[in-house]
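**Student:** For the sequence shown, my numbering gives the first residue as 34, with consecutive numbering after it.
This is the structure I have questions about; it appears just below.
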Amino acid sequence: MQQQWRLAARPEGIPDRSHFDLIEVPIPTLEPGKAVVKTLYLGVAPVMLRYMRNETDFESPLALGSIMAGRGVAQVIESDCSDLPVGAVVQARLGWQEYALIDMSHQPAPFFLPTDLPLSHGIGAVSLSGITALVGIRDIGKVKPDDRILVSGLRGSRQPCRSDRQGTRRGGCCRRGRRRGEVSPAQIRDGLRSCDRLQK
Numbered sequence: 034m035q036q037q038w039r040l041a042a043r044p045e046g047i048p049d050r051s052h053f054d055l056i057e058v059p060i061p062t063l064e065p066g067k068a069v070v071k072t073l074y075l076g077v078a079p080v081m082l083r084y085m086r087n088e089t090d091f092e093s094p095l096a097l098g099s100i101m102a103g104r105g106v107a108q109v110i111e112s113d114c115s116d117l118p119v120g121a122v123v124q125a126r127l128g129w130q131e132y133a134l135i136d137m138s139h140q141p142a143p144f145f146l147p148t149d150l151p152l153s154h155g156i157g158a159v160s161l162s163g164i165t166a167l168v169g170i171r172d173i174g175k176v177k178p179d180d181r182i183l184v185s186g187l188r189g190s191r192q193p194c195r196s197d198r199q200g201t202r203r204g205g206c207c208r209r210g211r212r213r214g215e216v217s218p219a220q221i222r223d224g225l226r227s228c229d230r231l232q233k
């Protein structure tokens, strides 16, 4: 058996325990062309609140009683899919549960994580949000060493990945000193507390 979190009610304000049900269900059985994975890390992102409120127009609605949607890091423990070998560590849409049944047709598709990084990076810098931030800085914005980047708000999961500690430094900007570029990225914040959080 495994534990699974399901959506019990739609929050109007900040979600709390009353909006979820924790239940026990059987561990999924292996099916042809699929893989059973064991959850290692679950990501939490601002978009989840929109799932809970049924406010998304880019994905299927999350019905009451459904497993809470979310992506995370998992290891393949059983497989009938050559693209998902046993032992592989992937980032995938798992839902809030200990075990999941996945295949490569899930969109966005599961992807393998680098083996030389901590697995927890799979819900951070090398998650879909991190990749989105990297593509935005490198391929869309085409950041150069003397560019200045303005990052707005602590409002989304990509914002921390665009901070000066990650994507912008890789793009050539540097907050202090003269390493690779003199102009720092700037951020818009809602107060000193948010600024302090980024600097720590």
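Don't be surprised by glycine CBs; every beta carbon is placed ideally from N, CA and C.
Could you tell me if Ser-160 is buried or exposed, where buried requires 16 or more neighbouring beta carbons within 10 angstroms of its beta carbon?
**Tutor:** Reading the sequence shown from its first residue, position 127 is the one you call residue 160. Under this definition Ser-160 is a buried residue.
**Student:** List the whole-angstrom C-beta distance separating Pro-27 from Val-69, where the pair is believed to meet the contact cut-off of C-beta under 8 Å.
**Tutor:** For the chain, the structure presents residues 34 to 233; residue 27 sits outside this window and is missing.
**Student:** Among Leu-73, Ser-112 and Pro-143, which has the Cα closest to the Cα of Pro-65?
**Tutor:** Position 32 of the sequence shown holds residue 65. Ranking the options by Cα distance to Pro-65, first place goes to Ser-112.
**Student:** Under the rule that 16 or more other beta-carbon atoms within 10 Å means buried, what is Gln-124, buried or exposed?
**Tutor:** Translated into positions along the sequence shown, residue 124 becomes position 91. Buried: at least 16 other Cβ atoms inside 10 Å.
**Student:** Please list the terminal residues of the continuous beta strand (DSSP E) segment that includes Ile-135.
**Tutor:** What you label residue 135 is simply residue 102 of the sequence shown in a count that begins at 1. Segment 132-135, the beta strand (DSSP E) holding Ile-135.
**Student:** Nearest to Gly-105 by alpha carbon, out of Phe-91, Gly-98 and Glu-131?
**Tutor:** Numbered from its first residue, the sequence shown carries residue 105 at position 72. It is Glu-131.
**Student:** Give a yes or no on whether the C-beta atoms belonging to Asp-136 and Lys-71 are separated by under 7 Å.
**Tutor:** As a first step, residue 136 is located in the sequence shown; it is residue number 103 there, counting from the start. As a first step, residue 71 is located in the sequence shown; it is residue number 38 there, counting from the start. Result no, Cβ atoms of Asp-136 and Lys-71 do not sit closer than 7 Å.
**Student:** Indicate the three-state DSSP secondary structure (helix, strand or coil) for Thr-148 in the structure shown.
**Tutor:** Reading the sequence shown from its first residue, position 115 is the one you call residue 148. Three-state DSSP puts Thr-148 in coil, outside helix and strand.
**Student:** How about Arg-83 and Arg-43: do their beta carbons lie closer than 7 Å?
**Tutor:** Walking along the sequence shown from the start, residue 83 turns up at place 50. Walking along the sequence shown from the start, residue 43 turns up at place 10. Cβ distance not < 7 Å, so Arg-83 and Arg-43 don't count as in contact.
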